[in-house]
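A.B. asks:
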Amino acid sequence: MPKTLWLTLAATAALAACQRGAETPEAPKPAAEAPKPAAFAFKDAIDAADFGEHVRVLASDEFEGRAPGTLGEEKTVEYLKAQFERMGLKPGNGDSYFQVVPMMETTADETSSLTIDVKGTPRTLKFGSDMVIGTRTGQPEVKIDASELVFVGYGVDAPEQQWNDYAGVDVKGKTVVMLINDPGFHAKDANLFDGNRMTYYGRWTYKFEEAGRKGAAAALIIHDTEGASYGWEVVKNSWSGAQYDLRTADDPAPRVPLQGWITGEQAKTLFADAGLDLDAMRAAAGKRGFKPVTLPAKMSTTLKSTIAEKESRNVLALLPGTERPDEAVVYTAHWDHLGKHPDEPGDNIYNGAVDNATGVAGILEMAEQFAKIGKPKRSVLFAAVTLEESGLLGSKYYVAHPSIPLDRTVAVINLDSMSVAGRARDLTVIGMGNSELEDILRPIADKQGRTLVAEPNPAGGYYFRSDHFNFAKAGVPALYTDGGNDLRDGGEAGKDYNEHRYHKPGDQYDPATWKLDGAMEDLTAVYEVGAVLANGEGWPNWYAGNPFRAARDTMMKANPPPAPGAPAAAATK
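In short: position in the sequence shown from 1, add 62, done, that's our numbering.
1. In this structure, does DSSP put L454 in helix, strand or coil?
2. Residue range of the alpha helix (DSSP H) that L340 falls in?
3. Is T70 buried or exposed, if buried means 16 or more other CB atoms sit within 10 Å of its CB?
4. Is it true that the region 184-204 meets the region 411-421, where meeting means three or more beta-carbon pairs spaced less than 8 Å apart?
5. Identify every residue that forms a DSSP beta bridge with P402.
6. Is K236 helix, strand or coil when you go by DSSP?
7. I want to see whether chain D comes within less than 8 Å of D227, judged by CB atoms only; does it?
8. Decide if the region 509-518 is in contact with the region 611-631; the criterion is three or more beta carbon pairs, one per stretch, under 8 Å apart.
9. In angstroms, rounded to a whole number, what distance separates the CA positions of E373 and G131?
10. Determine, using beta carbons only, whether S174 and T363 come nearer to each other than 8 Å.
11. At the level of alpha carbons, what is the spacing between P90 and A429?
12. Run through the region 148-207 for me and flag every whole beta strand (DSSP E) of 3 or more residues, listed as ranges in chain order.
13. Leaving out five residues before and five after A370 in sequence, what residues of the same chain have Cβ atoms less than 6 Å from its Cβ?
14. Please report the residue range of the beta strand (DSSP E) in which S300 lies.
15. Does the region 341-351 touch the region 101-113, meaning 3 or more C-beta pairs lie closer than 8 Å?
16. Please confirm whether R512 and G546 have their CB atoms less than 8 Å apart.
17. Is the region 325-338 touching the region 119-133 in the sense that three or more CB pairs, one from each, lie closer than 8 Å?
18. For the beta strand (DSSP E) that K366 lies in, which residues bound it at each end?
19. Could you pull the start and end residues of the alpha helix (DSSP H) that Y559 belongs to?
20. Name, in chain order, the residues that DSSP records as bridge partners for K577.
21. Take M618 and list the residues in its own chain whose beta-carbon comes closer than 8 Å to its own, dropping the five residues that flank it on each side.
22. Could you please give me the residues that DSSP links to E210 through a beta bridge?
23. Among D529, A534, T237 and D488, which residue has its Cα nearest to the Cα of D584?
24. Which whole-angstrom value is the C-beta distance of E126 and I492, which I expect to be below 8 Å?
25. Do you know how far the Cα of V318 is from the Cα of V204?
26. What separation, rounded to the nearest whole angstrom, lies between the Cα atoms of G348 and A249?
27. What is the DSSP secondary structure of T616, reduced to helix, strand or coil?
28. What does DSSP give as the partner residue(s) for L549 in the beta ladder?
29. Just checking L454 against the ligand GDP - is the residue's beta carbon closer than 7 Å to any of the ligand's heavy atoms?
30. Could you pull out every residue in the same chain whose Cβ sits closer than 8 Å to the Cβ of L578, ignoring the five residues on either side in sequence?
31. V239 and L176: beta carbons closer than 8 Å?
32. Taking 7 Å as the limit between beta carbons, can you name the residues of its chain near D409, skipping five residues before and five after?
33. Can you tell me the Cβ-Cβ gap for Y605 and G495, rounded? I've got them flagged as a contact below 8 Å.
34. What are the boundary residues of the beta strand (DSSP E) that includes V391?
35. Could you round the C-beta distance between L503 and V591 to whole angstroms and report it? I think they count as a contact, below 8 Å.
36. With DSSP as the reference, label N532 as helix, strand or coil.
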């Protein structure tokens, strides 16, 4: 993986770790009343029926798709708080179960259009069908007037790769047009970046960040299903309705005034009108020495948005350790999803059953077992975080304001979109080959008769698309697993879901077809990893050569943990 970017990001996040135990405000008491958890008799151990009940409630229409800042959030966080209280877990943020995450809500006017003038001939692109656009600036109106278009390949500036798609051009005030994924992906070149395995440079979040750093007025990503690992409908659904971000005061990094996507069809037409071939330009962009190309085209638009400052909440629950309570293992899962889209006909509630009621149900099940059966020596923190669908913002805020200092966080184990396809002969480790946590997981998987495997689609960049990634950037070893693909009963795990229900109203709880025995095996595996860590004194690290290791080594050198057998208080400064 590229090192310079990683080390820069990790160093920045590690600096936040120095704010050890930073205080954060508590949320006002929510007005909504959650369903009574006592109506269902939960068992003490990890149990499929309990898991299904949690998913049923969280993914019900009553919870309205769990969008941050809505009644769906109120119901969700109150349900989680009630469950943690029932289990006997303590508040995880001082005396509160909630950590307030200040956020900015931006709702774009979807009647907005975008005009591209090529050689004096204007063409209008419509929101949703041709493009999606938005702003992270907090401005109610963003106007772009005749901004020159520049094709910047993959929009990557990676000095350690000797790669700069912005070389020789000043894009200040201009609109950059770029491809999704990494230079090595479409070229099928294993010697470029990580070849078919996406790096952070391939993620749309990085591309917009870099455009902001370069001073562009706008940035447009050309969609292609193979490069993005999802179809246009996912982009459209994800960018419709209210969008959320951290306030600029909490996240002061440069932001491009206008950002968005255009369909591959519209991009092909744009390049053809400009006298260029999109396929040929994509091929050129995947070779060393690529130079940005100024198009004979200008873009204009006026984007009006409704802006509101709101608050969302991470839900944090703590099981204090019996011997080393200042050290903790953290389990994470995001509770948020895409809410309701009232302007859409028919079923317009995005229930998010798999994504990610399953992950939240998973940490609830493990919390129950830890609280009722295990008495770990180290503390265990369960963090149900918000705003993952908006760019991992809830976990980003937590990492900047941790309730357990990052240098006393032993590891993070993340659950996101668990498999409901049944038992498998393998267990997927997203981003396999990163940390010594895999050495703990492997014998546990062996005991289950399973083999650890890497994700089947490394081009999807899944390691950068869930909440453990913010901890990883800060240096904390992180494990992110998924169900296996070699199903014992046959079939292909996840294919139908990815094609028909991911980020769509069809992601609903279906007890008639879901096979939860595999999810219970997956939960048991990551529970046992956490139990090993919580009852031990070791500090697993990233593997040698991993780009996150430097940040971890730096923070641990600054505040070494106590030697094995020494009281935990010896580490307190």
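The C-beta atom is built at its ideal place from N, Cα and C for all residues, glycine as well.
Quick caveat, the model's predicted, so the values are computed rather than measured.
C.D. replies: So, from the data block:
1. coil
2. L340 to A347
3. A caution first: T70 carries a pLDDT of 36, below 50, which makes its placement in the model too unreliable to give a value.
4. no
5. Contrary to the premise, residue 402 reads as Lys rather than Pro in this sequence. According to DSSP, which records beta bridges pairwise, K402 is partnered with I411.
6. coil
7. The structure shown has no chain D; it contains just one protein chain.
8. no
9. 6 Å
10. yes
11. For P90, the predicted model reports a pLDDT of 47, less than 50, meaning its position is unreliable; a value from the coordinates is still stated below. Answer to the nearest angstrom: the Cα atoms are 25 Å apart.
12. 160-170, 175-180, 183-188 and 193-196
13. E167
14. Looking at the DSSP string, S300 is not in any beta strand (DSSP E); the run it does join, the alpha helix (DSSP H), is W294 to W301.
15. no
16. yes
17. no
18. V355 to L381
19. K557 to H562
20. A483
21. D469 and W601
22. K360
23. D488
24. The pair is not a contact, with the Cβ atoms about 29 Å apart (cut-off 8 Å).
25. 11 Å
26. 6 Å
27. helix
28. A486
29. What this structure holds is no ligand at all, so the ligand GDP is not there to describe.
30. A110, F113, G114 and V482
31. no
32. P567
33. 7 Å
34. R386 to H396
35. 5 Å
36. helix
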